[in-house]
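Step one of this worksheet: look at the structure below.
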Amino acid sequence: MAACQAGVVQPKRSDMSEAIKTDVLIIGAGPCGLFAVFELGLLDMKTHLVDILDKVGGQCAELYPEKPIYDIPGIPFVTGQGLTEALMEQIKPFHPTFHLNEMVERIEKIGDPAFRVTTDAGKVFECKAVVISAGGGSFQPKRPPVPGIEAYEGSSVFYSVRKMEQFRDKDLMIVGGGDSALDWTLNLHPIARRVTLLHRRDDFRAAPHSVEQMRALVAAGKMDLKIGQVTGLEGEGGMLTGAAVKGNDNALSKVVCNTMLPFFGLTMKLGPVANWGITLENNLVPVETSAFETSVPGIFAIGDINTYPGKLKLILCGFHEGALMAQKAHRYVYPDKRLVFQYTTSSSSLQKKLGVG
Amino acid sequence: MAKIHFVDHNGETRTIDVENGATVMEAAIRNAVPGIEAECGGACACATCHVYVDEAWREKVGSPSPMEEDMLDFGFDVRPNSRLSCQIKVSDELDGLVVSTPERQA
Chain W
6 MAACQAGVVQ
16 PKRSDMSEAI
26 KTDVLIIGAG
36 PCGLFAVFEL
46 GLLDMKTHLV
56 DILDKVGGQC
66 AELYPEKPIY
76 DIPGIPFVTG
86 QGLTEALMEQ
96 IKPFHPTFHL
106 NEMVERIEKI
116 GDPAFRVTTD
126 AGKVFECKAV
136 VISAGGGSFQ
146 PKRPPVPGIE
156 AYEGSSVFYS
166 VRKMEQFRDK
176 DLMIVGGGDS
186 ALDWTLNLHP
196 IARRVTLLHR
206 RDDFRAAPHS
216 VEQMRALVAA
226 GKMDLKIGQV
236 TGLEGEGGML
246 TGAAVKGNDN
256 ALSKVVCNTM
266 LPFFGLTMKL
276 GPVANWGITL
286 ENNLVPVETS
296 AFETSVPGIF
306 AIGDINTYPG
316 KLKLILCGFH
326 EGALMAQKAH
336 RYVYPDKRLV
346 FQYTTSSSSL
356 QKKLGVG
Chain L
-18 MAKIHFVDHN
-8 GETRTIDVEN
2 GATVMEAAIR
12 NAVPGIEAEC
22 GGACACATCH
32 VYVDEAWREK
42 VGSPSPMEED
52 MLDFGFDVRP
62 NSRLSCQIKV
72 SDELDGLVVS
82 TPERQA
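Residue numbers (this note's numbering), protein chains in the order written: chain W, 6 to 362; chain L, -18 to 87.
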């Protein structure tokens, strides 16, 4: 994505090499996380950001890239994607580093304050402060509302493909009509014994050329396409043997399969935040409102994920929270420096940092 | 102003007076009608305000846009009369509309 050019995107790596040292680690690259880079940057703090999505922008990019936002101060109208791009442009001078497709799993306290943060890819960061700007939590695959599906998860039902080989010679049913469903249909059909693609209508959201390829395979008898919705699963001990499918004419039929890959989009789950030793309240992080610090000094929470009396889940509130957070974070990163409050309009030193001075 | 009747999964009906211009989802949320979640707040970005439009009203209410159809893919037990209630704008025309809520939202 073009908007990533403002920063460096680090490839995912699994070796436990040396820790990446930075001033502040930001968890979540949505609008509040991105603007936190700006506020921290003005105060000379370097940042790295981790996000579970493959792109920056959080909900703005994932849920409503084309939808309008009308309440960003001074910007009467902007789309989710437009706001993301503008923020990336605004934080360019501070060279943040992005670690996409990764989820923070662990935060350990190693100093006063200092933290060691580990991602699910085994990447390790050492920092003075952590900012949780994780919105509604992490985006994770949505579980389709099929009764009893939990019993098959991890053994016969999978929400993502990590190793294609796992599906060799399987009777595979792929459910969905978006790019994930179509891409995996095309990629897995050569190695699976048989692939059935199930979608509730004969119309697909996926890229037209993938749909064409799929239809050609169906026409050549190399895979099956079925229109309908799963109503139940059959099998024992976590091993799937088939799925009951209701067609749009309400006719019931059975698809024989031993593996199912449902692609029903993403939903937000709090995820590992609950294991980081900070106080939670109804799946939100309570903070005080002078610096938006959590129950653990040095760990801040801004944006939709925090809560305090009067909290509103608005992007503009998250921006304000980021500005105040940065003042307190400065004390942890530069305990001996005096912080002088300055305006970007008049301060030559701030303008130099922004590359406009 | 229009009267909208919400029939829940157990067959119980709740009737709400809704001002023109509001969406059926907004009317439900403001009046705490059960069975509608509206997780995304009405951006047509989820499928948790899914309703079934009474057959007698289907023509007046109209059919879903392509974007709404895409979102309905994520719904539970989607039927030919399924709509996302955040995409139905209330007008005098819809006075008396009957919608029912599904057994569960996605």
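Ideal Cβ placement from N, Cα and C applies to all residues, glycine included.
| Item | Value |
| --- | --- |
| Which parts of the stretch 134 to 191 of chain W are runs of the beta strand (DSSP E), unbroken and 3 residues or longer, counting only runs that do not cross its ends? | 134 to 137, 143 to 146 and 176 to 180 |
| Using a cut-off of 8 Å between C-beta atoms, extract the partners of R85(L) located in chain W. | P150 |
| For the stretch 63 to 112 of chain W, list the beta strand (DSSP E) runs that are entirely contained and at least 3 residues long, ordered along the chain. | 102 to 104 |
| Using the Cα positions of L68(W) and D341(W), report the straight-line distance between them to the nearest angstrom. | 43 Å |
| Sort R205(W), I115(W), Q347(W) and S138(W) by Cα distance to C132(W) and report the nearest one. | I115(W) |
| List the endpoints of the continuous beta strand (DSSP E) containing P267(W). | T264 to P267 |
| Runs of 4 residues minimum, wholly inside the stretch 194 to 239 of chain W: which ones carry the alpha helix (DSSP H) assignment? | 213 to 224 |
| Between the C-alpha atoms of S138(W) and F324(W), what's the straight-line distance to the nearest angstrom? | 11 Å |
| E50(L) touches chain W at which residues, Cβ-Cβ below 9 Å? | R206, D208 and R210 |
| Quick one: grab the DSSP three-state call for A8(L). | helix |
| Quick one: measure Cβ to Cβ for A8(L) and V71(L), integer angstroms, because I've assumed they're closer than 8 Å. | 7 Å |
| Consult DSSP for H325(W) and reduce its assignment to one of helix, strand or coil. | helix |
| Tell me the DSSP secondary structure of V79(L) in three-state form. | strand |
| What is the rounded straight-line gap between the Cα of D73(L) and the Cα of S63(L)? | 21 Å |
| Taking DSSP as the reference, what is the three-state secondary structure of L45(W)? | helix |
| Against chain W, with Cβ distances strictly below 8 Å, would K(-16)(L) count as a contact? | no |
| Given E170(W), which residues of its chain have a CB within under 8 Å of its CB, disregarding the five upstream and five downstream residues? | I196 |
| Have a look at T102(W) and L39(W) and give me their C-alpha separation to the nearest angstrom. | 11 Å |
| Would DSSP call L53(L) helix, strand or coil? | helix |
| Taking the straight line between their C-alpha atoms, what separation do you get for H90(L) and E18(L)? | With chain L represented from -18 up to 87, any question about residue 90(L) goes unanswered, as that position is not in the structure. |
| At what residues does the beta strand (DSSP E) containing S354(W) begin and finish? | Premise fails: S354(W) lies in the alpha helix (DSSP H), S353 to K358, not in any beta strand (DSSP E). |
| Say whether chain W places a C-beta atom closer than 8 Å to the C-beta of A24(L). | yes |
| Tell me which residues share the same chain as K175(W) and place their Cβ nearer than 7 Å to its Cβ, disregarding the 5 neighbours each side in the sequence. | A197, R198, N263 and T264 |
| Does N253(W) come within less than 8 Å of chain L when only Cβ atoms are used? | yes |
| Of the choices G87(W), G63(W), D76(W) and R148(W), whose alpha-carbon is the least far from that of L105(W)? | G63(W) |
| Can you list, in chain order, the residues of its chain with a C-beta nearer than 7 Å to that of D59(W)? Leave out the 5 residues immediately preceding and following it. | L105 and N106 |
| Going by alpha carbons, who is nearest to P45(L) out of G56(L), L65(L) and D(-2)(L)? | L65(L) |
| Using a Cβ-Cβ distance cut-off of 8 Å, determine whether Y69(W) contacts chain L. | yes |
| Check the Cβ-Cβ distances between P61(L) and every residue of chain W, and say whether any is below 8 Å. | yes |
| Can at least three beta-carbon pairs, one atom from the stretch 182 to 195 of chain W and one from the stretch 218 to 228 of chain W, be found at a separation below 8 Å? | yes |
| Would you report the Cα separation of E20(L) and S143(W), rounded to the nearest angstrom? | 15 Å |
| Hey, out of C65(W), Y339(W), L344(W) and G362(W), whose CA is closest to T350(W)'s CA? | G362(W) |
| Closer than 7 Å, Cβ to Cβ, to anything on chain L: give me those residues from the stretch 263 to 290 of chain W, in chain order. | F269 and G270 |
| Exposed or buried, what is K367(W) when buried is set at 16 or more other beta-carbons lying within 10 Å of its beta-carbon? | In the structure as shown, chain W starts at 6 and stops at 362, and residue 367(W) therefore has no counterpart that could be examined. |
| A119(W) bridges to which residues according to DSSP? | G116(W) |
| Mapping DSSP to helix, strand and coil, what is C67(L)? | helix |
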